[in-house]
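Here the structure is laid out as structure tokens; the discussion comes afterwards.
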Amino acid sequence: MLQITIASAVALSDEQKKKLETGMQKKHPQEELSFVYQLQPQLLGGLSVSMAGKLYDASVRARLNQLAAKL
Amino acid sequence: MEIQLTQIIFQIINFGVVLGALTYFVYKPVLKLLNDRREKVAAAAAAAGEVMQEKEELERVREKTLVKASQKAKKIEDDAKREAREQAKAILDQAKAEMTARENKFNAELTKMKKEELKKNEAMIKQAAVLMAEKVLGQAIDAKKHQKLIDEQIDQVIESL
Numbered sequence: 010m011l012q013i014t015i016a017s018a019v020a021l022s023d024e025q026k027k028k029l030e031t032g033m034q035k036k037h038p039q040e041e042l043s044f045v046y047q048l049q050p051q052l053l054g055g056l057s058v059s060m061a062g063k064l065y066d067a068s069v070r071a072r073l074n075q076l077a078a079k080l
Numbered sequence: 189m190e191i192q193l194t195q196i197i198f199q200i201i202n203f204g205v206v207l208g209a210l211t212y213f214v215y216k217p218v219l220k221l222l223n224d225r226r227e228k229v230a231a232a233a234a235a236a237g238e239v240m241q242e243k244e245e246l247e248r249v250r251e252k253t254l255v256k257a258s259q260k261a262k263k264i265e266d267d268a269k270r271e272a273r274e275q276a277k278a279i280l281d282q283a284k285a286e287m288t289a290r291e292n293k294f295n296a297e298l299t300k301m302k303k304e305e306l307k308k309n310e311a312m313i314k315q316a317a318v319l320m321a322e323k324v325l326g327q328a329i330d331a332k333k334h335q336k337l338i339d340e341q342i343d344q345v346i347e348s349l
């Protein structure tokens with residue numbers, strides 16, 4: 010079973026969760042996916058999703074960190 | 189009065205004898221004495237002349253020696269002055285070089301400190317800027333905007349993972 014962890018600053022709506030889960034399942038039809046939702050206000054906004062060692066961090070926090078690194 | 193020839197002759201002979209005796213016993217010794225004295229005086233004068241010459245020669249030698257000694261003393265003095273000047277210059281140059289080295293070291297340390305301070309300040313400014321942005325964003329993003337942001341990112345997440 011492949012675990013996908015979704016962290017966000019605010020809770021996802023049911024529609025958003027469904028859209029995400031459906032999309033991921035279509036992309037990985039062979040895999041059995043499990044979704045874990047975490048509330049992390051420190052992200053400030055957006056999503057941070059990790060799956061099998063890969064991370065997609067589009068949170069506002071991540072962008073701020075990138076900005077700080079560039080300064 | 190009759191002149192008696194024999195007496196005259198006798199007187200003449202007497203006179204001659206006396207003259208002869210005087211010449212032999214008095215005149216010649218006295219003459220010899222006077223000559224000896226004259227010779228002694230001449231010798232003494234000659235010796236005095238030699239002494240005077242020697243004295244003049246010594247005087248010349250003394251003058252020459254004095255001049256040489258004076259020249260030598262002057263040379264020693266000049267050499268000592270020159271050496272003292274050179275030593276003073278060397279000490280001064282060394283002191284200047286040390287001062288320059290210390291100044292350079294101080295300037296380098298000052299520049300380093302300034303850079304470090306600048307770096308610290310930069311870091312603080314960055315941190316402050318990020319904190320400010322964090323605060324502003326935290327207040328600026330309302331519930332609607334959050335949801336909109338998540339909606340936009342869901343497709344990207346699916347595409348990326």
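Same order as they appear, the protein sequences are chains B and P. Its first residue numbered 10, the first sequence is counted upward by one per residue in our numbering. Its first residue numbered 189, the second sequence is counted upward by one per residue in our numbering. Glycine included, C-beta positions come from ideal geometry on N, C-alpha and C.
Residues bridged to Phe7 (chain B) (per DSSP) | The displayed coordinates of chain B run from 10 to 80. Any statement about residue 7 (chain B) would go beyond what the structure contains.
Is the distance from the Cβ of Ser43 (chain B) to the Cβ of Gln12 (chain B) below 8 Å?
-> Cβ distance < 8 Å, so Ser43 (chain B) and Gln12 (chain B) count as in contact.
Taking Cβ positions, are Lys357 (chain P) and Leu73 (chain B) nearer each other than 8 Å?
-> An answer regarding residue 357 (chain P) cannot be provided, because it is not within the stretch 189 to 349 covered by chain P.
Taking only beta-carbon atoms, is Leu42 (chain B) less than 8 Å away from chain P?
-> Output row for Leu42 (chain B): interface = no.
C-beta contact flag for Gly54 (chain B) and His334 (chain P) at 8 Å | Contact: yes.
Going by Cα to Cα distance, which pick from P:Glu340, P:Ala317, P:Ala328, P:Glu238 is closest to Ala77 (chain B)?
-> Residue P:Ala317 is the option with its Cα nearest to Ala77 (chain B).
Any heavy atom of the ligand MG closer than 7 Å to the Cβ of Ala235 (chain P)?
-> Only the bare structure without any ligand can be found here, which leaves the ligand MG out of the picture.
Would you mind reading off the limits of the alpha helix (DSSP H) that contains Leu221 (chain P)?
-> Leu221 (chain P) -> alpha helix (DSSP H) spans 216 to 328.
Identify every residue that forms a DSSP beta bridge with Ser57 (chain B).
-> In DSSP, Ser57 (chain B) forms a bridge with B:Ala16, B:Asp66.
For Pro50 (chain B), the three-state DSSP class (helix, strand or coil) = Helix, per DSSP.
Flag Met60 (chain B) as yes if its beta-carbon sits less than 8 Å from any beta-carbon of chain P, otherwise no.
-> Taking Cβ atoms only, chain P reaches closer than 8 Å to Met60 (chain B), which makes this a yes.
Counting contacts by CB-CB distance shorter than 8 Å, is Tyr46 (chain B) in contact with chain P?
-> Chain P, which has no Cβ nearer than 8 Å to the Cβ of Tyr46 (chain B), makes this no.
Per-residue contacts from Lys28 (chain B) into chain P (C-beta, under 7 Å) = What Lys28 (chain B) touches in chain P: Ile342.
Proximity to Glu340 (chain P) [Cα-Cα], best of B:Met10, B:Asp23, B:Leu29, B:Thr14 | Taking each of B:Met10, B:Asp23, B:Leu29, B:Thr14 in turn and checking the Cα distance to Glu340 (chain P), the smallest one comes out for B:Leu29.
Note down the Cα distance separating Glu274 (chain P) from Ala236 (chain P), rounded to an integer number of angstroms.
-> Computed Cα separation, rounded: 56 Å.
Pairing CB atoms from the segment 342 to 349 of chain P with CB atoms from the segment 31 to 43 of chain B, are three or more of them under 8 Å?
-> Enough Cβ pairs lie closer than 8 Å, so yes.
Sorted by chain position, which residues of the same chain lie with C-beta nearer than 6 Å to Ala18 (chain B)'s C-beta, five sequence neighbours on each side aside?
-> Same-chain partners within the cutoff: Pro50, Leu52, Leu53, Gly54.
Report back the beta-carbon spacing between Leu48 (chain B) and Ala67 (chain B) to the nearest angstrom; my notes put them in contact at under 8 Å.
-> Rounded, the Cβ-Cβ distance is 17 Å, inconsistent with contact.
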